[in-house]
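*Asks:* In the working numbering, the protein residues as written are 4 to 224. Got a structure for you, questions after.
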Amino acid sequence: MKLVTKEHCFHCFDVIIAHLESKWKEDVKHPVATFEDGAYPLFVTWSKNGNDEGELVLRGCIGNFSAMPLRTGLTQYALLSAFNDHRFSPIEDEELHALVCGVSLLHSFEDGINYLDWEIGKHGIRIEFVDHRGKRQSSTYLPEVALEHQWTKEHAIRSLVRKGGFQGQVTDTFLLQVKLQRYQSDKLQVPFREYKTHKSPRVNGVQVNGVARVNGIIHSH
């Protein structure tokens with residue numbers, strides 16, 4: 004199921020660049036999305052190149068499990084994941100040249116029979132559990148996470164429980180009370196260099212003395 008287009012990722016770049024520009028430039032034009040405005044649960048992920056081998060390092064990932072219009076949803080979560088993911092410092096303009104934008108649109112939600120009722124590489128997982136204080140918590144991993152880390156399903160669930168804030172002992176009895184929902188997603192990633200190429204024919208994207216100037220912000224190669 005192909006849902007995500009490069010235009011979705013290009014728009015996310017437009018949004019964060021406009022936000023960074025607004026810190027020092029007046030009258031910044033806010034990007035206007037023109038792609039079809041369907042409604043989906045969605046996540047926006049920002050990564051950056053971490054080494055010469057092209058390994059990606061996570062810089063922010065936030066989304067919503069409630070279906071929302073894509074134009075407003077991608078605008079909102081592009082900003083939240085870039086600047087308000089509490090696990091990371093806000094993205095700075097000097098990082099832009101190394102960024103990769105990932106957009107995930109979620110579909111095919113199903114309740115699992117138990118915490119192991121899902122397939123690595125196919126399903127994202129969302130769990131709910133009661134923590135050591137008696138408070139209900141939830142946490143999720145997108146479909147690619149367990150595969151990228153080469154985790155078993157049980158390892159992924161135990162990691163997800165910790166991500167959700169559980170600090171007690173993760174026993175077999177505890178895992179039996181975990182409620183799991185599985186889902187699938189369509190994801191596309193676009194690196195900044197592709198975005199720059201996409202913008203280069205336009206007035207606000209030009210080459211200046213061997214560096215790229217996009218929307219007024221200068222980024223070294």
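For glycine and all other residues, C-beta sits at the position ideal for the given N, C-alpha and C. Fair warning: this is a prediction, and the values are worked out from it, not measured in the lab.
Look at V234 and L59 and say whether their C-beta atoms are less than 9 Å apart.
*Replies:* The structure shown does not extend to residue 234, since the chain is modelled only from 4 through 224, so no value can be given for it.
*Asks:* Is it true that the CB of S111 sits closer than 9 Å to the CB of Q187?
*Replies:* Contact: yes.
*Asks:* Using the three-state DSSP reduction, which class does T143 fall into: helix, strand or coil?
*Replies:* DSSP places T143 in strand when its eight states are reduced to three.
*Asks:* Extract the residue ranges of the alpha helix (DSSP H) inside the stretch 99-173, only unbroken runs of 4 or more that lie entirely within it.
*Replies:* With a minimum length of 4 residues, the continuous alpha helix (DSSP H) runs that stay inside the stretch 99-173 are 146-152, 156-166.
*Asks:* Determine the contact status of L61 and D120, defining contact as a CB-CB distance below 9 Å.
*Replies:* The answer is no: Cβ separation not under 9 Å.
*Asks:* Assuming L82 and V18 form a contact by the criterion Cβ under 8 Å, report the distance between their Cβ atoms to the nearest whole angstrom.
*Replies:* Between V18 and L82 the Cβ distance is about 6 Å, and since that is below 8 Å, they are a contact.
*Asks:* For the beta strand (DSSP E) that V193 lies in, which residues bound it at each end?
*Replies:* Counting along the chain, the beta strand (DSSP E) containing V193 begins and ends at 182-194.
*Asks:* Where does the unbroken alpha helix (DSSP H) through S25 begin, and where does it stop?
*Replies:* Where S25 is concerned, there is no enclosing alpha helix (DSSP H), given that its DSSP letter is neither H nor E.
*Asks:* Start and end of the alpha helix (DSSP H) containing S50?
*Replies:* Element bounds for S50: not the alpha helix (DSSP H) but the beta strand (DSSP E), 42-52.
*Asks:* Determine, using beta carbons only, whether D40 and L73 come nearer to each other than 9 Å.
*Replies:* In contact: D40 and L73 (Cβ atoms closer than 9 Å).
*Asks:* Name the one or two DSSP bridge partners that G67 has.
*Replies:* The residue asked about is misnamed: residue 67 is Asn in this sequence, not Gly. Partner(s): L45.
*Asks:* Among P146, S25, A149, G115, whose alpha-carbon lies nearest the alpha-carbon of E131?
*Replies:* When only C-alpha atoms are compared, the closest one is G115.
*Asks:* Using a Cβ-Cβ cutoff of less than 6 Å, which residues in the same chain neighbour N212 once the five nearest sequence positions on both sides are dropped?
*Replies:* Residue placement at N212 is flagged as unreliable, the pLDDT there being 32, under the threshold of 50; the coordinate-derived value follows with that caveat. Result list for N212: empty, nothing under 6 Å.
*Asks:* So, with DSSP's three-state summary, where would you put L225?
*Replies:* Residue 225 lies beyond the residue range present for the chain, which begins at 4 and ends at 224; the question has no answer from this structure.
*Asks:* Please identify the residue among E157, D189, S141, D175 whose C-alpha is closest to the C-alpha of G168.
*Replies:* Closest option to G168, Cα to Cα, is S141.
*Asks:* What is the DSSP secondary structure of R74, counted as helix, strand or coil?
*Replies:* Helix, per DSSP.
*Asks:* What separation, rounded to the nearest whole angstrom, lies between the Cα atoms of C15 and T176?
*Replies:* Distance between the alpha carbons of C15 and T176 is about 43 Å.
*Asks:* Quickly, what does DSSP pair V60 with across the bridge? List them, please.
*Replies:* Partner(s): K51.
*Asks:* Could you say which of W27, G66, S162, E95 lies nearest to Y43 if we only look at CA atoms?
*Replies:* Residue G66 is the option with its Cα nearest to Y43.
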